[in-house]
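Everything on this sheet refers to the single structure shown next.
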Amino acid sequence: MYTLHHQSPFIVLLSSEKDPLLFNVETGKSEVLKFIASTYTVEIGKVGYIYAYNDQQAFLANDKNMDERKILPKKYVDIRESGDYLIGYINEEPNSLVDILSKSDLKIKIKNLRSKRIQNFKTDDDKSVYVVNEPNQTLFFDVNFKNIGSASKEFTEFEDIAKFLILKYKITLIEPKQEVTELTTGPGPQYPYIKLTGNLNSMTCMVHESREIRKPLFSFARKNYRIGNDSYSNKITLSEREENREKTYSLFYVNVKEKKILLPKKYWADIDLKMSDQVDF
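Whatever position you read off the sequence shown (first residue = 1), add 1072 for my numbering.
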């Protein structure tokens, strides 16, 4: 059981055998859902919305009032956001097909784009660039999601993306600042900390020793896992979806200062985990 928002009367009851149950503690009204995306919200018009679907339709529900809903054109495995757009995941990671939907009208702008990661950055002329990682290439789109260029390799880090765009297309990006919200208050993680980067097939754990210095520590196979990275506690979580529920497959910590992986070595082969001296970066 969990609460959707501290100002919301709605709670979600979870079971390993039954579909999620949405319950209003004020009215007693309940509804069976096929899927609800935990407490992850997308923001539209400064309002947080949670993705869910039932037997009839998929929708975004106001996280403070789940009865207020925006209907989506189709059901997705999951919904994420990037700037003024929503990313609708058609199938499971890592080989994801996605639709790009406009937040303004929830209409699909691009169908069946093969991508794992989509980022957006502001430019020095107050416009936006969307960066889409596809297998072995990176695509760049403008604020209207019109293609403006590509690279024949995958760029995931801001520094690499910014360098390529200024040299190739004379586009200057502004480095994003960490946003402060209800969920992300206080300073950023202290050096050294870990941050994951990667492509559709594998992930690399980078140790950020300072703003300028980052070094690879180990890599592991993505497989079909959903991957979480907490740079504050240096924690990595691998989970998988099973019958519309997300279950943790593996959770481990990294001792960054001693460069030790706090996961017994007998489990390393399960995710093809290799230290950096065994991997060609």
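We put the beta carbon where it would ideally sit given N, CA and C, even for glycine.
Rounded to the nearest whole angstrom, the CA to CA distance from R1141 to K1183 is 23 Å.
L1245 and E1226 have their C-alpha atoms roughly 18 Å apart. Your pair P1264 and K1329 checks out as a contact, with CB atoms roughly 7 Å apart and the cut at 8 Å. Residue range F1230 to Y1241 is occupied by the alpha helix (DSSP H) that includes F1230, with no beta strand (DSSP E) assigned at that position.
Leaving aside the five residues that flank E1115 on each side, the residues in its chain whose CB is nearer than 8 Å to its CB run, in chain order, Y1121 and E1153. Collapsing the DSSP output to three states places D1342 in a helix. Comparing alpha-carbon positions, the option among D1091, K1118, N1096 and G1117 lying closest to F1107 turns out to be D1091. Residue burial annotation: G1300 is exposed, with fewer than 16 other C-beta atoms found within 10 angstroms of its C-beta.
In this structure, the beta-carbon distance from L1105 to N1126 falls below 7 Å. In this structure, the alpha-carbon of Q1079 lies about 12 Å from that of V1097. Scanning the region 1118–1174 for uninterrupted beta strand (DSSP E) segments of 3 residues or longer gives 1119–1125, 1130–1134, 1141–1143, 1150–1154, 1157–1161 and 1169–1174, listed from N- to C-terminal end.
For Y1241, the closest of D1214, T1113 and I1266 by C-alpha to C-alpha distance is D1214.
In the structure shown, D1302 falls within a strand segment according to DSSP collapsed to helix, strand and coil. For R1189, the enclosing beta strand (DSSP E) begins and ends at R1189 to K1194. In this structure, the alpha-carbon of Y1112 lies about 13 Å from that of V1084.
Looking at the DSSP output, Y1265 bridges to H1280. Look at K1183 here: in three-state DSSP terms it is strand. With respect to the 7 Å criterion, N1216 and Y1202 are not classified as neighbours on the basis of their beta carbons.
Bounds of any beta strand (DSSP E) do not take in P1336, whose DSSP letter is neither H nor E. For V1084, the enclosing beta strand (DSSP E) covers residues F1082 to L1085. S1176 carries a coil assignment under DSSP once its states are collapsed to helix, strand and coil. Take the alpha-carbon of F1290 and the one of M1275: they are about 9 Å apart.
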